[in-house]
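This report concerns only the one structure given below.
2 protein chains.
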Amino acid sequence: MKKQLRMTHQREVILSELGRCHTHPTADELYERVKKKLPRISLATVYRNLEILSEAGLIRKLEVSGRQKRFDWDLRQHDHIYCIRCHRVDNIDLEGKKQLDLPPHENRGYEVSGCRIEFFGLCPQCRKIQQKTRKGEKKMGCKTCGTGLSDKQREVLEALARCKDACGSKDIAAATSLEPKQVSCQITALKKKGYVASPARCKYEITSEGKAALS
Amino acid sequence: MKKQLRMTHQREVILSELGRCHTHPTADELYERVKKKLPRISLATVYRNLEILSEAGLIRKLEVSGRQKRFDWDLRQHDHIYCIRCHRVDNIDLEGKKQLDLPPHENRGYEVSGCRIEFFGLCPQCRKIQQKTRKGEKKMGCKTCGTGLSDKQREVLEALARCKDACGSKDIAAATSLEPKQVSCQITALKKKGYVASPARCKYEITSEGKAALS
DNA sequence: ATTGACATAATAATAGTTACCATGTACTTT
DNA sequence: AAAGTACATGGTAACTATTATTATGTCAAT
Ligand SMILES: [Mn+2]
Ligand SMILES: [Mn+2]
Ligand SMILES: [Zn+2]
Ligand SMILES: [Zn+2]
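Residue numbers (the numbering used here), protein chains in the order written: chain A, 162 to 376; chain B, 162 to 376.
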């Protein structure tokens, strides 16, 4: 009844690409790489095999903070450090310092099978970027959030682009077909995206990012 | 320009329910509790406020292994242990042993902002369950996987239930409107769910779990 | 009384992942 | 070799957890 594990061509390529990758890739990052060798492979196959291979102990599955699982070809005992901004993951070696044993009276009745140590912070690249853009958190990883514009947002932003000076939401309501309440709602969303700034209380103007987003 | 944080009634209830909870609940677990006090609250409000409150430092967001984020009312420095089977999370206190500083030459250029230490294993309840059901991993947390049956799966399982003894997939194909190939595909799925067992090579029979699933 | 910042409920949309199943391939046993 | 079955794949639908959108509500400061 033992499970047989066939080393198919797909699995070979997945393994070898993971070994060539020194970046702890996610399933879809690896999929993009594997697709170059096997153009007809399915994303589901990559997911399935990463799961199977990690259960078989041929690779390691990392469950670091964030939403996506990452995979590691290096089976040796080592810990990780990850960037809280871009989510890249690097290896660290705690050398002798890994005597992290939970004292028996502290184990809460668990049958302890392991321990994970993760450091986190800003990676070298993100440190530089963070210093430049002091304005705040540009959340990454979302497709629409940051670039996309809904119809109403676009309408408001276009009206703002036509204004020479900063103007209030009432002016915009007049310049568009929208009601004042709706305008202020859209402005809130646009401010969050960085497309609108408020030079004075209750006065708004389009930012350079906002102009870029309109094009 | 500083962000104002209004302590609304919803936020008060979310905070107080989290404080009353000693289980590191997920957003939807907390939602179920809060709904009893505020029946008209929205799940999105719970998500939004847990995020806001943790950013404001009033609660702690845990990103332990697994998919769902969990929240902790206890702000004191402490670490966690979680169950790899049921995903419950308990506190641990490493007392003096938390001098986990990354040596500067090992930080890979990161600006380190913190460290997470997590133990994992089987919680007391799951240890008992695991000993009983030795058959293998019943994956938890999935809605269909385990209980749900597709139409074809149900058809095959019902045919198996009518058989007195273990039978081959060809017999089932005859007893249903399905082709042999399809039958073996469905049997594979049913075996994975634990609804079908194979007492002898290429012979199948319905399990007690399978009978229960049919009712 | 207006205005607009902040908040909410309801819902649509999204990302990541897994389930489903027809089909394909490779072992085993005859 | 043929038959029968276990294991695997590709394509896609479905699912889970989370976030975005937006009409509407509340409230403090003009
Ligand atoms: Mn690694
Ligand atoms: Mn805790
Ligand atoms: Zn980074
Ligand atoms: Zn458990």
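Ideal placement from N, C-alpha and C gives every residue a C-beta, glycine not left out.
Since the model is a prediction, treat every value here as computed from it, not as a measurement.
Just to make sure I have the definition right: I need the residues of chain A whose C-beta is within less than 8 Å of the C-beta of residue i. Which are they?
{"i": "B/Glu-272", "result": "Gly-282, Leu-283, Arg-288"}
Is there a Cβ of chain A sitting closer than 7 Å to that of residue i, yes or no?
{"i": "B/Gly-275", "result": "yes"}
{"i": "B/Asp-251", "result": "yes"}
{"i": "B/Arg-362", "result": "no"}
{"i": "B/Ser-138", "result": "Absent from the model: residue 138 of chain B. The displayed extent of chain B is 162 to 376, so no value can be given."}
{"i": "B/Ile-242", "result": "yes"}
Which chain A residues sit within Cβ distance under 9 Å of residue i?
{"i": "B/Ile-278", "result": "Leu-261, Cys-276, Arg-277, Ile-278, Glu-279"}
Hey, how far is the Cα of residue i from the Cα of residue j?
{"i": "A/Cys-324", "j": "A/Asp-240", "result": "55 Å"}
{"i": "A/Phe-232", "j": "B/Ala-205", "result": "32 Å"}
{"i": "B/Leu-199", "j": "B/Gln-171", "result": "8 Å"}
{"i": "B/Val-207", "j": "B/Cys-363", "result": "51 Å"}
{"i": "B/Met-168", "j": "B/Ser-376", "result": "49 Å"}
{"i": "A/Gln-343", "j": "A/Glu-316", "result": "11 Å"}
{"i": "A/Gly-275", "j": "B/Gly-282", "result": "7 Å"}
{"i": "B/Cys-346", "j": "B/Lys-372", "result": "19 Å"}
{"i": "A/Arg-181", "j": "A/Asp-251", "result": "15 Å"}
{"i": "A/Ile-253", "j": "B/Leu-351", "result": "43 Å"}
{"i": "A/Glu-267", "j": "B/Tyr-243", "result": "13 Å"}
{"i": "A/Glu-340", "j": "A/Gln-314", "result": "13 Å"}
{"i": "B/Cys-287", "j": "B/Cys-247", "result": "7 Å"}
{"i": "B/Gly-270", "j": "B/Gln-229", "result": "30 Å"}
{"i": "A/Ser-359", "j": "A/Ala-322", "result": "14 Å"}
{"i": "A/Ile-333", "j": "A/Thr-349", "result": "14 Å"}
{"i": "B/Val-195", "j": "B/Cys-328", "result": "52 Å"}
{"i": "B/Asp-235", "j": "A/Lys-353", "result": "31 Å"}
{"i": "A/Lys-197", "j": "B/Ile-220", "result": "45 Å"}
{"i": "A/Asn-210", "j": "A/Ile-202", "result": "12 Å"}
{"i": "B/Glu-178", "j": "B/Ser-369", "result": "40 Å"}
{"i": "B/Glu-224", "j": "A/Leu-310", "result": "31 Å"}
With DSSP collapsed to three states, give me the class of residue i.
{"i": "A/Ser-274", "result": "strand"}
{"i": "A/Leu-211", "result": "helix"}
{"i": "A/Gly-309", "result": "coil"}
{"i": "B/Thr-187", "result": "strand"}
{"i": "A/Leu-375", "result": "helix"}
{"i": "A/Glu-173", "result": "helix"}
{"i": "B/Arg-288", "result": "helix"}
{"i": "A/Leu-179", "result": "helix"}
{"i": "B/Lys-304", "result": "Below a pLDDT of 50, predicted positions are generally treated as unreliable, and B/Lys-304, at 47, falls in that range; the measurement from the model is reported next regardless. It is coil, neither helix nor strand."}
Along the beta strand (DSSP E) that carries residue i, what are the first and last residues, could you check?
{"i": "B/Cys-244", "result": "240-244"}
{"i": "B/Arg-315", "result": "Premise fails: B/Arg-315 lies in the alpha helix (DSSP H), 312-323, not in any beta strand (DSSP E)."}
{"i": "B/Glu-366", "result": "364-367"}
{"i": "A/Ala-335", "result": "Looking at the DSSP string, A/Ala-335 is not in any beta strand (DSSP E); the run it does join, the alpha helix (DSSP H), is 330-336."}
{"i": "A/Ser-359", "result": "357-361"}
{"i": "A/Arg-221", "result": "221-223"}
{"i": "B/Asp-233", "result": "231-233"}
{"i": "A/Ile-202", "result": "That residue, A/Ile-202, is in no beta strand (DSSP E); it is neither H nor E in DSSP."}
{"i": "B/Asp-387", "result": "Because chain B spans 162 through 376 in this model, residue 387 of chain B falls outside it and cannot be assessed."}
{"i": "A/Asp-251", "result": "250-253"}
Could you pull the start and end residues of the alpha helix (DSSP H) that residue i belongs to?
{"i": "A/Ile-348", "result": "341-354"}
Please check if any C-beta of chain B sits within less than 7 Å of the C-beta of residue i.
{"i": "A/Glu-366", "result": "no"}
{"i": "A/Glu-267", "result": "yes"}
Please list the partners that residue i has in chain A, where partner means a Cβ-to-Cβ separation under 7 Å.
{"i": "B/Ile-175", "result": "In chain order: nothing, as chain A lies at least about 22 Å away."}
What does residue i reach in chain B if we use C-beta pairs closer than 7 Å?
{"i": "A/Asp-254", "result": "Glu-267"}
Residues of chain B with CB under 8 Å from residue i, in chain order?
{"i": "A/Ile-377", "result": "Residue coverage of chain A in this structure runs from 162 to 376, which leaves residue 377 of chain A outside it and unanswerable."}
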